[in-house]
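Take the position in the sequence shown, starting the count at 1, then add 96; the result is the number in this note's numbering.
Idealized CB from N, CA, C, for every residue including glycine.
Inspection log for the structure reproduced underneath, given as structure tokens.
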Amino acid sequence: MLAKGSAPWIVTAVTISIFATIAHFFLSWPHTDKIALLGIAVTIFFLFFFRDPERKVDQCDRIMLAPADGKIVDIRGRKICIFMNFQNVHVNRVPINGKIHSIVHKKGGYIPAFCKDSDRNERSHMLIETEHGLVEVIQIAGTVTRRIVSYVREGDHLTQGERFGMIRFGSRVDVTIPENFDIACEIGDRVFAGLTVIARATDCEE
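Next comes the structure, spelled out in structure tokens:
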């Protein structure tokens, strides 16, 4: 399965590949063989990058699941920061059941997402109303990224593990943990969106 919103990228790469191949074999245009090979390589990369595998999500209101695939690069108080590299699935998933209170998109720079200065990057803040209080999920753009894609809107009711958006290419997702939850991950841990438990309710047993 491919991520929602990936079609324009893939179609463009495929179109260039086909056009260059035709130009090479039937019109003998110079350098079109190299363009065709480059187009094919880019198409393969896009198919890999925009993959969106189905996942079986074990839902529970007493746990929070990772909103993104990647590596835990920082834990600041009750905020967990997850960095996604090119190899990770970049579709983001809802960490806990709730209703979207607000979504605010902020313009900014494109500093590498693993740097602390990336707090000034382009970002999207989503506040989710849950039975445990407000949970904030922040999508942060990276150096290559120029677009944060949202699949949801204010007022939507979200189900744990549901897809809510993606960030194209290298990027970061931060999530805040409610006061009555204990963090269940450490810096350096590898996590998977909708699968890895990153926090549990204080009275919740493993």
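Rounded separation between residue i and residue j - CA only
i      : j      : result
Ile171 : Gly229 : 20 Å
Val269 : Val187 : 11 Å
Leu143 : Glu250 : 30 Å
Pro274 : Val231 : 7 Å
Ile136 : Phe115 : 11 Å
His197 : Val110 : 39 Å
Arg43  : Ile244 : A question about residue 43 goes unanswered here, because the residues of the chain that appear run from 97 up to 302.
Thr292 : Leu98  : 21 Å
Glu218 : Arg147 : 23 Å
Lys130 : Gln235 : 37 Å
Phe63  : Thr298 : The requested residue 63 is not part of the displayed model; the chain covers only 97 to 302.
Thr255 : Ile192 : 7 Å
Arg259 : Val138 : 25 Å
Gly284 : Gly101 : 30 Å
Arg296 : Pro163 : 15 Å
Trp125 : Ile112 : 14 Å
His127 : Leu134 : 11 Å
Gly290 : Phe122 : 49 Å
Gln183 : Arg286 : 12 Å
Asp252 : Ile294 : 23 Å
Cβ-Cβ distance between residue i and residue j below 8 Å
i      : j      : result
Ser246 : Gly257 : no
Glu225 : Gly194 : yes
Phe288 : Asp154 : no
Ala132 : His120 : yes
Helix, strand or coil at residue i [DSSP, three-state]
i      : result
Ala99  : coil
Val233 : strand
Asp270 : strand
Val190 : coil
His253 : strand
Gly284 : coil
Val248 : coil
Leu123 : coil
Thr292 : coil
Lys202 : strand
Phe142 : helix
Thr226 : strand
Asp299 : coil
Phe85  : With the chain represented from 97 up to 302, any question about residue 85 goes unanswered, as that position is not in the structure.
Asp213 : Since pLDDT at Asp213 reaches only 49, below the 50 mark, its modelled position is unreliable, and the value read off the structure follows with that caveat. Asp213: helix per DSSP, three-state reduction.
Ile106 : helix
Contact with chain D by residue i, beta-carbon distance below 8 Å
i      : result
Asp278 : Here there is only one protein chain, and chain D is not present.
For residue i, the nearest candidate out of the options (CA to CA)
i      : options                           : result
Val107 : Arg174, Ile279 and Ile140         : Ile140
Ile152 : Phe145, Phe144 and Leu161         : First, the amino acid is wrong: residue 152 is Lys here, not Ile. It is Leu161 whose Cα lies nearest to the Cα of Lys152.
Phe277 : Leu291, Lys175 and Leu254         : Lys175
Asn181 : Phe145, Lys195 and Pro149         : Phe145
Val190 : Cys156, Cys281, Glu218 and Phe179 : Cys156
Ile168 : Cys281, Phe121, Ala99 and Arg147  : Cys281
Lys203 : Val271, Gln183 and Ala237         : Ala237
Ile303 : Asp252, Val248 and Arg158         : There is no way to answer for residue 303, as the model of the chain reaches only from 97 to 302.
His201 : Val233, Gly290, His127 and Leu123 : Val233
Val271 : Val248, Met222 and Asp252         : Met222
Please give the ranges of any alpha helix (DSSP H) in the region 149 to 182, keeping only runs that are unbroken, at least 4 residues long and fully inside the region.
none
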